[in-house]
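J.: Here it is, the structure, as structure tokens.
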Amino acid sequence: MKKLLKFSSVLMLSLLVLSSCSKKERSSTTGWKYNDQKWGGFEKLDYQGQETGPNLVLIEGGTFTMGLTDEDVTYDWNAVPRRVTVSSFYMDETEVSNIDYKEYLYWLRRVFGESYPEVLINAFPDTLVWREELSYN
96 MKKLLKFSSV LMLSLLVLSS CSKKERSSTT GWKYNDQKWG GFEKLDYQGQ
146 ETGPNLVLIE GGTFTMGLTD EDVTYDWNAV PRRVTVSSFY MDETEVSNID
196 YKEYLYWLRR VFGESYPEVL INAFPDTLVW REELSYN
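Note that the numbering used here has the sequence shown beginning at 96, numbered continuously upward.
This is the structure in structure tokens:
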């Protein structure tokens, strides 16, 4: 009886190991196998990281308390303290002036203006974002 139990447990363990080794990764949404031509050839590549662009500096994110942290003597409560988390981001070492930005837009207009006007349109900032409801939080 012990031999049968030992044999069956070794057999189950080896089947489990062998079946998990040969499996390709599948999509949890569609069930497609990644990187397999029989399943459409959808490629899923491992993230290798991204090089930092020229003249960019990493600004480390963190958490801080925004609003009034001392006692509110006037009891206005117009600056209620709350904790805010800011993600890390990159910022240019030097300031980009308006004239630099206008030169860039002028260059885009001359190079892509007639052939690809969407390139120039995408270079303009999204000014409607300030009118959305979440922008007031």
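Ideal Cβ positions, reconstructed from N, Cα and C, are used throughout, including at glycine.
The structure presented is a predicted model; accordingly, all values stated were derived computationally and were not measured.
Could you check the C-alpha separation between K97 and S122 for me, to the nearest Å?
T.: Each residue's Cα considered, the two are about 41 Å apart.
J.: Starting from the Cα of F137, find the closest Cα among G144, E146, G126 and Q143 and give me that residue.
T.: Answer by Cα proximity: G126.
J.: Round the Cβ separation of E188 and V152 to the nearest angstrom and send it over; I've been treating them as touching at under 8 Å.
T.: About 6 Å separates the two Cβ atoms, so the contact holds.
J.: Please go through the same chain and pick out, in chain order, the residues whose beta-carbon is closer than 7 Å to the beta-carbon of G208, but skip the five residues on each side of it.
T.: Cβ neighbours of G208 beyond the five flanking positions: L215.
J.: Would you report the Cα separation of T158 and R177, rounded to the nearest angstrom?
T.: Between T158 and R177, the C-alpha separation is close to 10 Å.
J.: If you drop the 5 nearest sequence neighbours on each side, which residues of the same chain put their C-beta closer than 8 Å to that of N150?
T.: Contacts found: D187, E188 and T189.
J.: Give, in chain order, every unbroken run of the beta strand (DSSP E) that is at least 3 residues long and sits entirely within the segment 152 to 191.
T.: Correct list: 157 to 161, 177 to 181 and 184 to 187.
J.: Using the Cα positions of K101 and M107, report the straight-line distance between them to the nearest angstrom.
T.: Going from the Cα of K101 to the Cα of M107 covers about 10 Å.
J.: Determine the extent of the alpha helix (DSSP H) in which K197 is found, giving its start and end residues.
T.: From DSSP, the alpha helix (DSSP H) with K197 extends over N193 to F207.
J.: Rounded to the nearest angstrom, how far is the Cβ of K139 from that of E120, given a contact under 8 Å?
T.: Going by Cβ atoms, the distance from K139 to E120 rounds to 7 Å, so yes, they are a contact pair.
J.: To which residues of the same chain is T222 closer than 6 Å at the C-beta, ignoring the five residues directly before and after it?
T.: Counting only Cβ-Cβ distances below 6 Å, and skipping sequence neighbours, we find nothing.
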